[in-house]
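The structure appears right after this line, and notes come after that.
Number of protein chains: 2
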Amino acid sequence: MLRISKLTDYATVLLARLAAEPERQLTAAQLAAQTRLGAATVSKLLKQLHGSALVSSTRGLHGGYRLARPAADISAAQILDALEGPMALTECAQHTHQCGIESTCGVGRAWQRVNIAIRRSLQEISLLELAGMGVQTTRFGALERQLRGPRELPVPAVSTRTEKP
Amino acid sequence: MLRISKLTDYATVLLARLAAEPERQLTAAQLAAQTRLGAATVSKLLKQLHGSALVSSTRGLHGGYRLARPAADISAAQILDALEGPMALTECAQHTHQCGIESTCGVGRAWQRVNIAIRRSLQEISLLELAGMGVQTTRFGALERQLRGPRELPVPAVSTRTEKP
DNA sequence: CCAATCTGGGACTATTTTAGTACTATTTAG
DNA sequence: CTAAATAGTACTAAAATAGTCCCAGATTGG
């Protein structure tokens, strides 16, 4: 349903935690405790984030993770990419095959454009904003502009992340 | 990967076919043949689209489907809604529970806003544009504006829908 | 009235994706 | 050397997605 996966959501929470204390180095276990997510899962996610160069790590005793760069320089798009691979709204946008439906397939092209537009929007949102550490002014640009409008902002529910420790 | 489901993609193709011949009434079988999708699948999709009032149907001999309203009045958001239900980027955006992570959960709120922004963008795109029957001028608004920019448009691949008839 | 041809609505199955776990290797401070 | 970390990989379980089938209801031509 055009939804991001739980893992991506978790990862954002982890990154937000790291962003809250940029100077400290936190271990996977600490982050698991703080976020109440499963230790194994947290560990896996951090590895992935490390692979995508969003966090840096030091191994060995007293090791841990921290953000690879300032939260302001990490975009939502990058987080998505790190966890879900380069995004493509439709399957056909990925391959280069021809499909049997030459006739109607301006459709593919159109979704593709939608795709790109969304992607660009996501690039404008930094981890700083996702973490609620605001500076809502400069960035959020296009998105924020659309949000301000005739309709009122719906009161958003608080997160419901459930997992057994 | 922030992707729409195959079925939604198929549905768009079907709608595009219908949009191409607004005056005719096409049967599920005809549409299946034209789009090369499985007859059963097409049938299911059309039922769903009918349920969401995107297409109208007449039963009995010489029955068939046609668009319920002009293609210009059907938005991408409506198509998404019809097939995937009201969209919510994260799981926590749906329920009203509290999650254990009160601390970091500006995150939920932020995704929520992203969500709404994307949704609003999708509302600006009509089936007419998705079908490649353009009038790219008036609508596409915010999205199109973002697309025009420093970067050049990547050449999009043609659709690769595969299914055995 | 009857048969043919449609749509309508479920129920069901297979496949794919996602989520979560476990185990082993490697690094490093003390 | 050892304890506490990360790194890598493989595996399992669960859930969502995709696709199929069947039968009931509607309509129309003969």
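Chains as they are written, first to last, in the numbering used here: chain S, 63 to 227; chain E, 63 to 227. Just so it is clear, CB atoms sit at the ideal spot from N, CA and C, and this is done for glycine as well.
Asked	Found
With respect to the alpha helix (DSSP H) encompassing R65 of chain E, which residues constitute its N-terminal and C-terminal limits?	No alpha helix (DSSP H) holds R65 of chain E; DSSP gives it neither H nor E.
Would you be able to state if there are at least three C-beta pairs under 8 Å between the region 184–193 of chain E and the region 128–141 of chain E?	yes
Could you please give me the residues that DSSP links to L88 of chain S through a beta bridge?	S:Y127
For S137 of chain S, does the three-state DSSP call read helix, strand or coil?	strand
Strictly below 7 Å CB to CB, what residues from chain E border A130 of chain S?	Ordered by position in chain E, no residue passes the 7 Å Cβ test against A130 of chain S, which lies about 19 Å from the chain.
Can you round the beta-carbon distance between E146 of chain E and T74 of chain E to whole angstroms, since I take them to be within the 8 Å contact cut?	Incorrect: roughly 12 Å between the Cβ atoms, too far for contact.
For the region 75–95 of chain S, list every residue whose C-beta sits within 8 Å of some C-beta in chain E, in sequence order.	V75, A78, R79 and A82
With distance defined between alpha-carbon atoms, name the residue in S:A90, S:S67 and S:D143 nearest to S118 of chain S.	S:A90
Report the rounded CA-to-CA distance for L209 of chain E versus L108 of chain E, giving the unit in angstroms.	The predicted position of L209 of chain E is uncertain, since its pLDDT is 42 and thus under 50; no value can be drawn from it.
In chain E, what lies closer than 9 Å to L69 of chain S by C-beta?	The premise fails here: L69 of chain S is roughly 11 Å from chain E at the closest Cβ pair, so nothing lies under 9 Å.
Relative to the C-alpha of L142 of chain E, which candidate in E:W173, E:A172, E:Q110 and E:L129 has its C-alpha closest?	E:Q110
According to DSSP, is S114 of chain S part of a helix, a strand, or is it coil?	coil
Report back the beta-carbon spacing between R79 of chain E and T103 of chain E to the nearest angstrom; my notes put them in contact at under 8 Å.	With a Cβ gap of about 14 Å, R79 of chain E and T103 of chain E do not count as contacting.
Can you give the Cα-Cα distance for R201 of chain S and Q140 of chain E, rounded to whole angstroms?	Residue placement at R201 of chain S cannot be trusted, given a pLDDT of 43 that sits under 50; what the coordinates show is reported in the next sentence. For R201 of chain S and Q140 of chain E, the distance between alpha carbons rounds to 29 Å.
In chain order, what residues of the same chain lie with their CB nearer than 6 Å to the CB of Q87 of chain S, ignoring the 5 residues before and after it?	G126 and R128
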